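Asks: In the numbering used here, the protein residues as written are 3 to 512. Ideal Cβ positions, reconstructed from N, Cα and C, are used throughout, including at glycine. Predicted model only: the values in this text are computed from it and were never measured. I have a structure I would like to understand better, so I am pasting it below and will then ask my questions one at a time.
Structure representation (structure tokens):
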């Protein structure tokens, strides 16, 4: 038997009518009998095209406020009967069930209704029952039936109609069925996640339809894609497309700057997910200048982010640096034109939206999921553990450094002074090595470490780090505490006039 099937009858039941008219017109021109109900029926009739009422087919009206319209054996028998099976043919003849060769559905917009902030009752009414059932039935019987499960497939189906009239191949019907189960599984995933918000069960279900193919992954020999809606977070106003590595760095930059969003003008420069420069100042121009001074070498090709509008003065300074991406909540008009002088420079305007509160990553043959580290200590969370207390200025720098250490790869040590990142040791297997790296880096850019503060992402198992810091003139330390040997570090600080505070919270980042 040929794998081609001619469409002789169609059931159309859609929420969004946009783009439907050319398909209906083409079906009519190919002498296809059209069944419909409710708003879709009215829409087709207004086009002047004859349509058979589903209510006349089933001998039942639409009931329960429209909740039950197509759920009937005469509808689903017409879809699910196997055209090459004698028993099915006999039964549809016995019960006078007309075959339905094409089903076109566009579901109630459940996901959009939730996103709109609608109340629970309105959301529940946007759970499609008949439509999702029609999709599954038609997709299951793709050997004989064409399923168009959303308006996203309209253009492809219209092209088939224009090229071959009302005839489809098994390959086309198979692909539409694949799309149908994608639509139905995505729809049900969002319904489940809505119901799973309170008293959630431990199940991970994610479905993201929006794919942005990337030039490649982390390296040119790897394929890469981004799944999500970047336009909800950014307006991209200039530059080339974001790469896989750009997106990782942009994510790190946005997460870091969240800690400073309510602070004085703050500017950060990141490279390979870590801050190489950051400063908080009275103006964004000075914040940029001091962030750049933290490591002008690593800043080359970096990701730049500000917590406030980038003005003309700052834009002029940035324009002297080769950088991949600039991110800010806004730009001075003249400043933006200057930044656009580099054609490949990516310029993003960050919108104020809530970011996800969970993190997901693959591991081995499964997936790891955790709550995002949203905790950030304030002065009230600090516990003084040494005889010498910290000054008000040191508290400011300690909290500043602690924000940075939270967003730096472990093991890490951050050195800061007067609201400026002096240096950090990042991603080291030893905390001592991280400190030595930070000291070496700070000195290489001629920073005076006397009066600087030190932050650690985890506790000190030995007093070696506070001893090294002391020898460099660093006399204030912030760390989580919690080691069975905390007292060794406390004793060293007391013996050498150092101040140390515990936060009680570790901030590993791997």
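State buried or exposed for residue 428, treating a residue as buried only when at least 16 other CB atoms are found within 10 Å of its CB.
Replies: Your numbering for residue 428 matches position 426 in the chain shown. Looking at its Cβ environment, which holds 16 or more other Cβ atoms inside 10 Å, residue 428 is buried.
Asks: Between which two residues does the alpha helix (DSSP H) carrying residue 196 extend?
Replies: Reading the chain shown from its first residue, position 194 is the one you call residue 196. From DSSP, the alpha helix (DSSP H) with residue 196 extends over 172 to 197.
Asks: DSSP three-state call for residue 3: helix, strand or coil?
Replies: Reading the chain shown from its first residue, position 1 is the one you call residue 3. Residue confidence is low: residue 3 scores 45 on pLDDT, short of 50, so the model does not pin down where it sits. Its coordinate-derived value is still stated next. Looking at residue 3 - three-state DSSP - the assignment turns out to be coil, as it is neither helix nor strand.
Asks: In the DSSP assignment, the alpha helix (DSSP H) including residue 408 goes from what residue to what residue?
Replies: Counted from its first residue, the chain shown places residue 408 at position 406. Element bounds for residue 408: 394 to 408.
Asks: Give me, in chain order, the residues of the same chain whose beta-carbon lies closer than 8 Å to that of residue 466; leave out the 5 immediate sequence neighbours on both sides.
Replies: The residue you call residue 466 lines up with position 464 of the chain shown. Cβ within range, chain order: 434.
Asks: Just the Cα atoms here: how many angstroms apart are residue 162 and residue 148?
Replies: As a working mapping, residue 162 is identified with position 160 in the chain shown. As a working mapping, residue 148 is identified with position 146 in the chain shown. So the alpha carbons of these two residues sit roughly 12 Å apart.
Asks: Determine the contact status of residue 305 and residue 333, defining contact as a CB-CB distance below 8 Å.
Replies: Here residue 305 refers to the residue found at position 303 when the chain shown is read from its first residue. Here residue 333 refers to the residue found at position 331 when the chain shown is read from its first residue. At a Cβ-Cβ threshold of 8 Å, residue 305 and residue 333 do not count as neighbours.
Asks: Going by alpha carbons, who is nearest to residue 38 out of 106, 167, 112?
Replies: Translated into positions along the chain shown, residue 38 becomes position 36. The shortest Cα separation from residue 38 among 106, 167, 112 belongs to 106.
Asks: Residue 193: buried (16+ other C-beta within 10 angstroms of its C-beta) or exposed?
Replies: If you number the chain shown from 1, residue 193 lands on position 191. By the 10 Å Cβ count, residue 193 comes out buried.
Asks: Quick one: which unbroken alpha helix (DSSP H) runs of 4-plus residues sit fully inside the stretch 50 to 75? Chain order, please.
Replies: You should have 56 to 60.
Asks: Using a threshold of 8 Å, state whether the C-beta atoms of residue 187 and residue 217 are closer than that.
Replies: Position 185 of the chain shown, counted from the first residue, corresponds to residue 187. Position 215 of the chain shown, counted from the first residue, corresponds to residue 217. Not a contact, by the Cβ cut-off of 8 Å.
Asks: Assess contact between the stretch 26 to 34 and the stretch 172 to 183, defined as three or more Cβ pairs (one per stretch) separated by less than 8 Å. Is contact present?
Replies: no
Asks: May I have the straight-line CA-CA distance separating residue 3 from residue 189, to the nearest angstrom?
Replies: For this step, residue 3 is matched to residue 1 along the chain shown. For this step, residue 189 is matched to residue 187 along the chain shown. Its pLDDT being 45, under 50, residue 3 is placed unreliably by the model, and the measurement read from it follows with that caveat. The straight-line gap from Cα to Cα measures roughly 35 Å.
Asks: Out of 59, 321, 355, 441, point me to the one whose CA is closest to residue 347's CA.
Replies: Position 345 of the chain shown holds residue 347. Per the Cα distances, 321.
Asks: Go through the stretch 230 to 275 residue by residue and report every complete run of the beta strand (DSSP E) that reaches 3 residues or more, in order.
Replies: 236 to 240, 268 to 273
Asks: Do you know whose CA, among 153, 165, 178, 111, lies nearest residue 139's CA?
Replies: Start at 1 with the first residue of the chain shown, and residue 139 comes out as number 137. Residue 139 has its Cα closest to that of 178, out of 153, 165, 178, 111.
Asks: Using three-state DSSP, classify residue 419 as helix, strand or coil.
Replies: For this step, residue 419 is matched to residue 417 along the chain shown. DSSP places residue 419 within a strand segment (E or B) once states are collapsed to three.
Asks: For residue 112, does the three-state DSSP call read helix, strand or coil?
Replies: Your numbering for residue 112 matches position 110 in the chain shown. Residue state, collapsed to three classes: helix.
Asks: How would you call residue 263, buried or exposed, if buried means at least 16 neighbouring beta carbons within 10 angstroms?
Replies: On the chain shown, residue 263 is found 261 positions in, with the first residue counted as 1. So residue 263 ends up on the exposed side.
Asks: By Cβ distance, which residues of its chain are closer than 6 Å to residue 297, with the 5 residues on each side in sequence left out?
Replies: For this step, residue 297 is matched to residue 295 along the chain shown. Contacts found: 278, 279.
Asks: Tell whether a beta-carbon distance below 8 Å holds between residue 112 and residue 128.
Replies: Locating residue 112 in the chain shown gives position 110, counting from the first residue. Locating residue 128 in the chain shown gives position 126, counting from the first residue. Contact flag set, yes.
Asks: Mapping the DSSP letters down to three states, classify residue 326 as helix, strand or coil.
Replies: Your numbering for residue 326 matches position 324 in the chain shown. Strand, per DSSP.
Asks: In the structure shown, what three-state DSSP assignment does residue 492 receive?
Replies: Numbered from its first residue, the chain shown carries residue 492 at position 490. Three-state result, residue 492: helix.
Asks: Below 8 Å on the Cβ atoms is my guess for residue 476 versus residue 455; work out the distance and round it to an integer in Å.
Replies: Here residue 476 refers to the residue found at position 474 when the chain shown is read from its first residue. Here residue 455 refers to the residue found at position 453 when the chain shown is read from its first residue. Sure, about 7 Å apart at Cβ, within 8 Å.
Asks: Do residue 40 and residue 68 have their beta-carbon atoms positioned less than 8 Å apart in this structure?
Replies: Within the chain shown, numbered from 1, the residue matching residue 68 stands at position 66. Within the chain shown, numbered from 1, the residue matching residue 40 stands at position 38. A contact, by the Cβ cut-off of 8 Å.
Asks: At the level of alpha carbons, what is the spacing between residue 267 and residue 385?
Replies: Position 265 of the chain shown, counting from 1, holds the residue named residue 267. Position 383 of the chain shown, counting from 1, holds the residue named residue 385. A straight line joining the alpha-carbon of residue 267 with that of residue 385 spans about 28 Å.
Asks: Quick one: what's got a C-beta closer than 6 Å to residue 405's C-beta in the same chain, skipping five residues either side?
Replies: One-based indexing of the chain shown puts residue 405 at position 403. Contacts found: 261.
Asks: Here's a check: name, in chain order, each residue in its chain whose Cβ is nearer than 6 Å to the Cβ of residue 85, leaving out the five neighbours to either side.
Replies: Translated into positions along the chain shown, residue 85 becomes position 83. Once the five neighbours on either side are set aside, the close Cβ partners of residue 85 are 146.
Asks: State buried or exposed for residue 133, treating a residue as buried only when at least 16 other CB atoms are found within 10 Å of its CB.
Replies: Within the chain shown, numbered from 1, the residue matching residue 133 stands at position 131. The residue in question, residue 133, is buried, as its Cβ has 16 or more Cβ neighbours within 10 Å.
Asks: Output needed for residue 336: all residues of its chain with C-beta closer than 7 Å, excluding positions within five of it in sequence on either side, in chain order.
Replies: Mapped onto the chain shown, residue 336 falls at position 334. Counting only Cβ-Cβ distances below 7 Å, and skipping sequence neighbours, we find 314.
Asks: To the nearest angstrom, how far is the alpha carbon of residue 301 from that of residue 208?
Replies: Taking the chain shown and counting its residues from 1, one reaches residue 301 at position 299. Taking the chain shown and counting its residues from 1, one reaches residue 208 at position 206. Roughly 36 Å between the two C-alpha positions.
Asks: Residues in its own chain within less than 7 Å of residue 141 by CB, not counting five upstream and five downstream?
Replies: On the chain shown, residue 141 is found 139 positions in, with the first residue counted as 1. So the qualifying residues of the chain are 149, 179, 182, 183.
Asks: Leaving aside the five residues before and after residue 206 along the sequence, list all residues of the same chain whose C-beta is less than 7 Å from its C-beta, in chain order.
Replies: Here residue 206 refers to the residue found at position 204 of the chain shown. So the list reads 369, 371, once near-sequence residues are dropped.
Asks: Give the straight-line distance between the Cα atoms of residue 28 and residue 339, rounded to the nearest whole angstrom.
Replies: Within the chain shown, numbered from 1, the residue matching residue 28 stands at position 26. Within the chain shown, numbered from 1, the residue matching residue 339 stands at position 337. Going by the C-alpha atoms only, they are around 49 Å apart.
Asks: Identify whether residue 283 lies in helix, strand or coil by the three-state DSSP scheme.
Replies: As a working note, residue 283 is residue 281 in the chain shown. If DSSP states are grouped into helix, strand and coil, residue 283 belongs with coil.
Asks: Can you tell me whether residue 148 is helix, strand or coil according to DSSP?
Replies: Here residue 148 is taken as the residue at index 146 of the chain shown, counted from 1. Of the three classes helix, strand and coil, the one that applies to residue 148 here is strand, per DSSP.
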